[in-house]
Amino acid sequence: MWILIILSAVVFFFIIKKESQARWIKYGHFKESYDITVNGHEYYIEEVDFKKYNEALSKYFKVVEEISNYGKAIDMRYDLYDWGFSTFQFQDTLVDVRYFRSTQSVRLIKSKNPISIEEYEKDDLGYWMDIKHKK
824 MWILIILSAV
834 VFFFIIKKES
844 QARWIKYGHF
854 KESYDITVNG
864 HEYYIEEVDF
874 KKYNEALSKY
884 FKVVEEISNY
894 GKAIDMRYDL
904 YDWGFSTFQF
914 QDTLVDVRYF
924 RSTQSVRLIK
934 SKNPISIEEY
944 EKDDLGYWMD
954 IKHKK
C-alpha cells in the first residue's frame with residue numbers, strides 16, 4: 824500500500840512540475856525545451872509542432888506578436904522573403920522565433936543574458952535543425 828502511495832506521489836510531482844514550467848510558445852504540441860551554451864552565450868530553446876503547415880505559420884505570427892509586446896525592442900531583424908524568422912533584441916535578452924515549414928514547427932531561441940543580434944548571428948543557431956549537438 825505504501826509503495827502505491829509513494830509511486831502515485833512521484834507521478835503526481837512530475838506531472839505538476841512539467842505543467843508548471845513557463846512556456847513562451849502557448850500554441851501547438853509542446854515538443855521540447857532545453858538550455859544550450861554556444862561561444863559562451865547561454866540560450867533557452869523551446870519548440871512546438873503542429874499538424875498542418877498553415878496552422879504552424881499562423882501561430883508563428885501570433886508568437887511573433889506576443890514577443891513584440893515583451894518590451895521596447897532595441898533592434899529587430901526579420902525575413903521578408905518567406906517570414907521564416909523574426910529576431911528581437913531587448914535590453915535584457917534576445918528572442919528569435921523560427922518557423923520551419925519542413926517540420927511544421929516553431930522554435931523560440933532566447934538568450935539568458937543581454938546579447939546583440941550581431942553576436943547572436945555569429946553563434947549561428949538560426950537554421951540548424953538539431954542545435955542540441957552544436958557547440
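Residue numbers (my numbering): 824 to 958.
Backbone N, C-alpha and C define an ideal beta-carbon position, used for all residues, glycine too.
### Query
First and last residue of the alpha helix (DSSP H) that includes residue 883?
From DSSP, the alpha helix (DSSP H) with residue 883 extends over 876-891.
### Task
Could you pull the start and end residues of the beta strand (DSSP E) that residue 898 belongs to?
Residues 898-901.
### Message
Suppose contacts are defined by Cβ-Cβ distances below 8 Å. Is residue 960 in contact with residue 867 by that definition?
### Response
Here the chain covers residues 824 to 958 and nothing more, so residue 960 does not appear.
### Query
Over what stretch of residues does the alpha helix (DSSP H) that includes residue 946 continue unbroken?
Unbroken alpha helix (DSSP H) run through residue 946: 940-946.
### Query
Cβ atoms of residue 898 and residue 908: under 8 Å apart, would you say?
Their beta carbons are not under 8 Å apart, which means residue 908 does not touch residue 898 by this criterion.
### Query
Run through DSSP, which three-state label would residue 843 get?
Its pLDDT being 48, under 50, residue 843 is placed unreliably by the model, and the measurement read from it follows with that caveat. Helix at residue 843.
### Task
Could you work out which residue in 895, 869 and 894 is closest to residue 921 when comparing CA atoms only?
Among 895, 869 and 894, the Cα nearest to that of residue 921 is on 869.
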